[in-house]
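Here the protein sequences come in this chain order: X and Y.
Here numbering that gives the first Met the number 0 is used: position 168 in the first sequence is 167, and no number is missing along the way.
Here numbering that gives the first Met the number 0 is used: position 129 in the second sequence is 128, and no number is missing along the way.
Let me begin by presenting the structure, written as structure tokens, before commenting on it.
There are 2 protein chains.
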Amino acid sequence: MNKKRTNKKRVGIIGAGPSGLAQLRAFEALQNKGEEVPEIVCFEKQSNWGGMWNYTWRTGVGKYGEPIHGSMYKYLWSNGPKECLEFSDYSFDEHFKKPISSYPPRPVLFDYIQGRIKKSKAREYIRFDTTARWVSYDEKTKKFTLVLDDLKIDKTYSEEFDYLIVASGHFSTPNMPYFKGIENFPGTVIHAHDFRGADQFKDQNLLLIGSSYSAEDIGVQCHKHGAKSVTLSYRSNPIGVAWPEGIKELPLVTHFENDTAYFKDGTTEKFDAVIMCTGYQHKFPFLPDELRLKTKNNLYPDHLYKGIFFNKLPQLIYLGMQDQYYTFNMFDAQAWVARDFMMGTYKLPEENERRLDMDKWLERNDKLETSFDHVDFQSDYIKDLLALSDYPDFNVDTVGEMFKSWLKDKEENILTYRDKTYKSVVTGTMAAEHHTDWMDELDDSKERYLYEPEEEEAIPENI
Amino acid sequence: MNKKRTNKKRVGIIGAGPSGLAQLRAFEALQNKGEEVPEIVCFEKQSNWGGMWNYTWRTGVGKYGEPIHGSMYKYLWSNGPKECLEFSDYSFDEHFKKPISSYPPRPVLFDYIQGRIKKSKAREYIRFDTTARWVSYDEKTKKFTLVLDDLKIDKTYSEEFDYLIVASGHFSTPNMPYFKGIENFPGTVIHAHDFRGADQFKDQNLLLIGSSYSAEDIGVQCHKHGAKSVTLSYRSNPIGVAWPEGIKELPLVTHFENDTAYFKDGTTEKFDAVIMCTGYQHKFPFLPDELRLKTKNNLYPDHLYKGIFFNKLPQLIYLGMQDQYYTFNMFDAQAWVARDFMMGTYKLPEENERRLDMDKWLERNDKLETSFDHVDFQSDYIKDLLALSDYPDFNVDTVGEMFKSWLKDKEENILTYRDKTYKSVVTGTMAAEHHTDWMDELDDSKERYLYEPEEEEAIPENI
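Printed below as a string of structure tokens:
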């Protein structure tokens with residue numbers, strides 16, 4: 000990460016969330032071995048790193064008037080075992096120095112993400128409060144020109160790059176369908192992207208439209224934090240777990256009349272608020288459409304060889320654009336392969352061969368039926384990536400099995416699955432049981448999470 | 000508005016709100032006289048025209064993931080007499096065929112705005128669902144290149160223009176300061192931009208931060224529609240009208256602790272929701288910073304000769320960027336002058352002369368003290384504009400007097416000022432008294448507004 004502008008190749012990274020940071024870390028790992036790496040600049044719209052994990056109270060736009068990136072909310076606890084996302088080059092043990100539970104809250108995971116990257120000089124390569132405005136690619140020079148906007152000083156400028164890494168995520172731009180009559184619904188109507196915690200919905204009857212992770216998790220949180228009732232409305236299939244009293248599923252809303260929702264099965268019900276858990280769009284307003292990844296959220300977006308290289312122009316690399324069982328460790332596995340391509344040590348086959356490879360994955364993706372199939376598919380994708388770089392291997396099959404247990408745990412009891420513990424494939428450490436049952440834990444702070452009641456109790460009462 | 004690409008100059012207009020439509024109308028007026036006009040294309044991000052007056056239930060981003068333009072809300076009634084904003088070439092009489100009250104609700108004003116432009120072919124020149132992504136200016140060719148994004152088909156393209164009209168408004172991008180502890184406030188926290196109507200705040204204790212139009216109008220609406228209490232918090236000066244019971248003003252919030260707000264005067268109070276009426280930013284993410292108007296909201300933004308021509312590059316024209324007493328008729332007066340400049344019939348003085356002219360206005364602006372001073376200042380600005388084009392003259396002094404009466408009306412009784420009537424300077428027509436007192440009128444539809452109770456009563460009861 001030398002700053003001299005010699006003949007070095009230049010790498011531009013858009014976004015300093017888990018994917019962008021993985022890319023910085025990948026280069027750093029090489030540098031630590033004494034290798035020379037390209038000149039790297041990472042642009043981050045927010046004032047801090049962490050992407051989705053960088054919580055903000057704001058909704059709509061940020062202090063500089065840019066659309067808010069984060070969909071994060073208060074009281075968010077990991078909705079999958081942390082053992083499924085552990086960095087294989089930086090374990091939870093290394094970071095926390097003691098076993099912790101399998102389902103930590105956001106501030107604890109944010110701390111973990113930061114821990115790895117704080118040890119390096121990564122921060123020097125990130126330009127914060129800087130948004131990518133426009134990208135163009137010159138066929139002759141084979142370079143990208145990136146127009147940037149330094150929000151803090153309200154100044155635009157351009158820089159050229161040989162490689163462009165798009166690591167701006169795809170859970171930021173709400174997809175919000177129209178339902179007839181919604182414009183006259185008197186209560187709060189927001190997208191999950193703007194949900195910042197359950198408190199404001201206490202004692203309310205809530206309608207959540209959607210049947211994916213947002214609906215499930217926001218619904219359960221609102222139930223936990225005192226909503227009067229939670230109704231989930233699904234388009235095709237219900238989530239179908241054993242819901243506790245106070246949460247139920249109904250088919251899709253057909254329309255609204257004032258505060259009454261009408262459902263496909265003829266049910267009608269009055270609500271105080273509607274939260275649209277209707278997903279997100281892959282949105283890249285800074286890219287010309289011929290360079291844009293155009294895809295719905297799925298496990299293998301088309302046009303990305305190995306899930307990352309834009310097939311028409313592989314110097315354009317997208318990280319983390321898949322629907323995700325695997326997260327942090329998948330971004331790592333991708334970033335390491337991307338790095339080796341940029342270093343010239345990993346060579347791509349010809350475009351048509353890449354096309355054939357993608358087609359194989361897409362065909363298989365089309366045939367997936369159950370959640371277990373999805374897990375296996377993404378596990379195989381991770382294995383495919385791991386074989387291509389020196390990112391520390393981890394037992395993907397075991398992680399795949401953990402995902403399946405997790406799915407079963409949720410189905411059995413959506414309110415207690417976070418009390419279960421799993422074993423790390425990186426260190427072999429068994430997770431600790433948390434000091435408090437998840438349903439009883441209303442405080443999601445790192446301090447509360449890491450506090451050890453035994454020690455406190457051991458203090459003699461001689462105050 | 001010929002579509003042939005001959006040697007005609009090309010005019011690009013960003014935004015089809017009141018300002019952009021005024022520009023289309025200005026050219027149309029000339030065309031109706033048999034004159035040939037440049038090739039004009041107007042780009043509108045939304046699916047319909049009307050800008051701020053095009054109400055949407057959405058907040059955050061629109062269906063294509065672009066930031067929502069509108070700050071409009073349900074139950075918005077004009078907060079100034081319609082006689083102060085009347086188009087001098089299209090009267091309310093011409094549109095409604097009968098006298099209407101002085102303070103119509105949004106749908107009625109939207110109807111009026113549309114009425115004038117619907118008669119023409121203006122719609123053909125507007126590309127809807129199209130957002131401006133990036134502008135560059137070539138010193139050699141003297142042309143602007145505009146990168147556009149057709150949101151409907153997800154396609155980007157470029158076009159060149161000789162003149163660029165920025166008519167994208169400045170009440171779209173919230174300014175939202177941080178207050179210590181706001182991140183732990185449990186209730187709703189939104190900016191006025193995302194306020195969509197008072198219903199969801201019924202029976203709540205509301206805190207509105209701000210002391211300008213948004214705070215005043217949202218506060219009064221929430222009071223009218225059943226908020227338990229409304230507290231307005233001001234930074235420098237209170238609005239200071241005779242508030243009814245249920246609305247009060249306090250100095251600035253210093254910080255929050257959970258649901259309790261602490262004020263500068265030592266007061267503390269618990270609230271259910273916070274609405275930030277903290278203003279808007281002039282924001283032009285599609286412009287390089289050297290072409291951006293950089294200004295706070297004020298009556299005479301610097302760098303705009305005659306309030307519209309970007310002094311360094313007068314082919315770049317900004318409409319409606321002032322803080323506003325005058326609105327629709329000011330945009331018209333500006334658009335007519337802009338048109339004549341583009342037609343070559345109005346010549347600009349040299350840059351340094353323009354600088355001197357702006358300096359005079361800025362100096363005077365600096366010395367303004369009272370609201371009446373502000374009104375007089377903007378009246379003089381309008382007169383300055385009217386002298387430069389053939390936009391139909393109207394009695395600006397009388398309109399200035401109306402603004403002053405309106406200010407007094409509000410001070411006397413903020414709940415009844417909308418029941419007052421004013422006389423048109425365009426037609427001489429006295430406004431009708433509305434069939435219902437504003438405080439009793441909870442329905443803001445055009446149908447309800449235009450309904451005539453007398454006629455209904457006259458129907459014989461022989462059903």
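C-beta: ideal position from N, C-alpha, C; glycine also.
It should be emphasised that the depicted structure is a prediction, and the values quoted were computed from it without experimental measurement.
Per-residue burial, residue i [other beta carbons within 10 Å of its own, 16 or more giving buried]
| i | result |
| --- | --- |
| A214 of chain Y | buried |
| Y450 of chain X | exposed |
| V10 of chain X | buried |
| E85 of chain Y | buried |
| R57 of chain Y | buried |
| E82 of chain X | buried |
| S404 of chain X | exposed |
| L150 of chain X | buried |
| H254 of chain Y | exposed |
| A191 of chain Y | buried |
| N461 of chain Y | The predicted position of N461 of chain Y is uncertain, since its pLDDT is 49 and thus under 50; a value taken from the coordinates is nonetheless stated next. Exposed, by the Cβ-count rule. |
| E34 of chain Y | exposed |
| G399 of chain X | buried |
| A15 of chain Y | buried |
| T140 of chain Y | exposed |
| G19 of chain Y | buried |
Cβ-Cβ separation, residue j to residue i (assumed contact under 8 angstroms), whole Å
| i | j | result |
| --- | --- | --- |
| N193 of chain X | G61 of chain Y | With the sequence shown as reference, residue 193 of chain X is identified as Asp, and Asn is not the correct amino acid for it. That belief does not hold up - the Cβ atoms of D193 of chain X and G61 of chain Y are roughly 14 angstroms apart, past 8 angstroms. |
| T130 of chain X | K44 of chain X | 4 angstroms |
| T230 of chain X | L249 of chain X | 6 angstroms |
| L303 of chain X | Y324 of chain X | Not quite, the Cβ-Cβ distance comes to about 17 angstroms (not below 8 angstroms), so this is no contact. |
| I217 of chain X | S232 of chain X | In fact, because the Cβ distance is near 13 angstroms, the residues do not count as touching under 8 angstroms. |
| K120 of chain X | G64 of chain Y | Contact flag wrong, Cβ pair sits at about 35 angstroms. |
| S46 of chain X | F127 of chain X | 5 angstroms |
| W133 of chain Y | W133 of chain X | 4 angstroms |
| Y390 of chain Y | W335 of chain Y | 4 angstroms |
| G186 of chain Y | Q199 of chain X | 5 angstroms |
| T426 of chain Y | S211 of chain Y | Their Cβ separation, rounded to whole angstroms, is 31 angstroms, which puts T426 of chain Y and S211 of chain Y out of contact at 8 angstroms. |
| R234 of chain Y | L251 of chain Y | 5 angstroms |
| P80 of chain Y | Y421 of chain Y | 4 angstroms |
Three-state class that DSSP yields for residue i in the structure shown
| i | result |
| --- | --- |
| T428 of chain X | coil |
| A260 of chain Y | strand |
| F160 of chain X | strand |
| Q280 of chain Y | strand |
| F86 of chain Y | strand |
| T253 of chain Y | strand |
| M275 of chain X | strand |
| V60 of chain X | strand |
| R417 of chain Y | helix |
| T397 of chain Y | helix |
| D149 of chain X | strand |
| L290 of chain X | coil |
| H190 of chain X | strand |
| F482 of chain Y | Absent from the model: residue 482 of chain Y. The displayed extent of chain Y is 0 to 462, so no value can be given. |
| L450 of chain Y | Here residue 450 of chain Y is Tyr; the residue named in the question, Leu, does not match the sequence. Residue state, collapsed to three classes: coil. |
| N1 of chain X | Residue confidence for N1 of chain X is low, a pLDDT of 44 falling below 50, so the modelled location carries little weight and cannot support an answer. |
| Y380 of chain Y | helix |
| G11 of chain X | strand |
| K154 of chain Y | strand |
| K407 of chain Y | helix |
| A457 of chain X | Reliability fails at A457 of chain X, whose pLDDT of 49 lies under 50, so the model's placement of it is uncertain and no value is given. |
| V40 of chain X | strand |
| G16 of chain Y | coil |
| E440 of chain X | coil |
| I238 of chain X | coil |
With three or more C-beta pairs closer than 8 angstroms as the rule, is the segment 62-76 of chain Y touching the segment 104-123 of chain Y?
In the pairwise beta carbon analysis, the segment 104-123 of chain Y is classified as touching the segment 62-76 of chain Y: at least three pairs are separated by under 8 angstroms.
What alpha helix (DSSP H) runs, 4 residues minimum, are completely inside the segment 58-138 of chain Y?
Counting whole runs of 4 or more residues, the segment 58-138 of chain Y contains the alpha helix (DSSP H) stretches 91-95 and 105-117.
Output the residue ranges of the beta strand (DSSP E) runs that lie fully inside the segment 192-216 of chain X and measure 3 residues or longer, sorted by chain position.
List check, beta strand (DSSP E) in window: 204-208.
List in chain order: all unbroken alpha helix (DSSP H) runs of 4+ residues lying wholly within the segment 300-356 of chain Y.
Taking only runs of at least 4 residues, the alpha helix (DSSP H) segments lying wholly in the segment 300-356 of chain Y are 327-342.
Inspect the CB distances between the segment 10-20 of chain X and the segment 154-173 of chain X and report whether three or more fall short of 8 angstroms.
Yes: the two stretches touch, three or more of their Cβ pairs being nearer than 8 angstroms.
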